[in-house]
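Remarks on the structure that follows.
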Amino acid sequence: EAGVAQSPRYKIIEKRQSVAFWCNPISGHATLYWYQQILGQGPKLLIQFQNNGVVDDSQLPKDRFSAERLKGVDSTLKIQPAKLEDSAVYLCASSLRGWDTQYFGPGTRLTVL
Amino acid sequence: GQQLNQSPQSMFIQEGEDVSMNCTSSSIFNTWLWYKQDPGEGPVLLIALYKAGELTSNGRLTAQFGITRKDSFLNISASIPSDVGIYFCAGQRNTGNQFYFGTGTSLTVIP
Chain A
29 EAGVAQSPRY
39 KIIEKRQSVA
49 FWCNPISGHA
59 TLYWYQQILG
69 QGPKLLIQFQ
79 NNGVVDDSQL
89 PKDRFSAERL
99 KGVDSTLKIQ
109 PAKLEDSAVY
119 LCASSLRGWD
129 TQYFGPGTRL
139 TVL
Chain B
5 GQQLNQSPQS
15 MFIQEGEDVS
25 MNCTSSSIFN
35 TWLWYKQDPG
45 EGPVLLIALY
55 KAGELTSNGR
65 LTAQFGITRK
75 DSFLNISASI
85 PSDVGIYFCA
95 GQRNTGNQFY
105 FGTGTSLTVI
115 P
């Protein structure tokens with residue numbers, strides 16, 4: 029069974045630029061999560077989707093971050109414009125149902141200069 | 005957000021030694037998870053705990069759900085070089101709520 033796929037694996041941008049990350053969850057998983065992991069910290073939930081609807085986006089900085097899962101399968105997370113403090117690994121995870129075992133992708137490491 | 009504190013922050017041990025680490029919270033949790041993260045990879049689930057006092061093993065790994073429901077422990081016996089990585093705990097207050105992750109324990113095993 030294929031795992032959670034993410035791309036790109038690495039991205040370097042300058043502050044105020046825009047960036048987008050893509051995630052393809054495990055086939056059949058209804059729930060998709062985006063986490064931000066700053067160096068030396070544990071993952072922090074940004075947004076949770078159930079199929080194509082948002083369940084929890086309370087910790088998403090909505091002035092610059094947006095995410096969508098239009099067809100209830102893959103998802104994109106966008107940052108516009110990026111700030112230095114957005115440098116982190118962005119992890120995507122999926123689960124069969126809400127809040128059961130989550131399977132993580134390899135992450136996208138973002139560096140903002 | 006919820007803060008989970010992990011201790012120790014880092015460990016350097018000799019191959020073959022046993023390892024103990026813990027995770028504490030100011031809130032009561034109903035589920036505890038332990039993950040391992042290798043460099044450049046996402047976290048991988050090691051053990052899940054669902055009941056206070058529960059003791060669960062996965063090979064050389066053993067985890068316990070603290071009876072106060074505010075802490076959890078992970079032990080690794082007879083460490084080997086591939087145990088190197090960062091270990092995270094994650095807690096969930098109620099079924100259906102989000103998981104909060106700890107600050108991580110970095111483990112280095114010296115051959």
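First to last, the protein sequences are chains A and B.
As numbered in my numbering, residues 29 to 141 make up the first sequence, in order.
As numbered in my numbering, residues 5 to 115 make up the second sequence, in order.
Yeah, the Cβ is synthetic: ideal placement off N, Cα and C, and Gly gets one too.
None of the values given here were measured: they were computed from a predicted structure.
Inter-residue distance for A:V140 and A:I41 is about 5 Å (C-alpha atoms, whole angstroms). The count of Cβ pairs closer than 8 Å, one atom from the region 75 to 84 of chain B and one from the region 14 to 26 of chain B, reaches three, so the stretches are in contact. For the 8 Å CB-CB criterion, B:C27 and B:D87 do not form a contact. Interface with chain B (8 Å Cβ-Cβ cutoff): A:L60 is excluded. Annotated as proximal: A:Q65 and A:A116, with beta-carbon spacing under 8 Å. Under DSSP, the beta-bridge partners assigned to B:Y39 are B:L49, B:F92. Fewer than three beta-carbon pairs drawn from the region 5 to 19 of chain B and the region 46 to 65 of chain A are found closer than 8 Å, and the two stretches are therefore not classed as touching.
Taking a cut-off of 8 Å for Cβ pairs, the region 65 to 76 of chain A and the region 47 to 57 of chain A do not touch, as fewer than three such pairs fall below it.
For B:R73, the number of other beta carbons within 10 angstroms of its own is at least 16, and it is reported as buried.
Contact note: B:E58 does not reach chain A at a C-beta cutoff of 8 Å; the least C-beta distance is about 16 Å. Contact annotation: B:L78 and B:A67 have beta-carbon atoms nearer than 8 Å.
Within the DSSP bridge table, the entry for B:K74 names no partner. Residue burial is scored here from C-beta neighbours: A:R97 has at least 16 other C-beta atoms within 10 angstroms and is therefore classed as buried.
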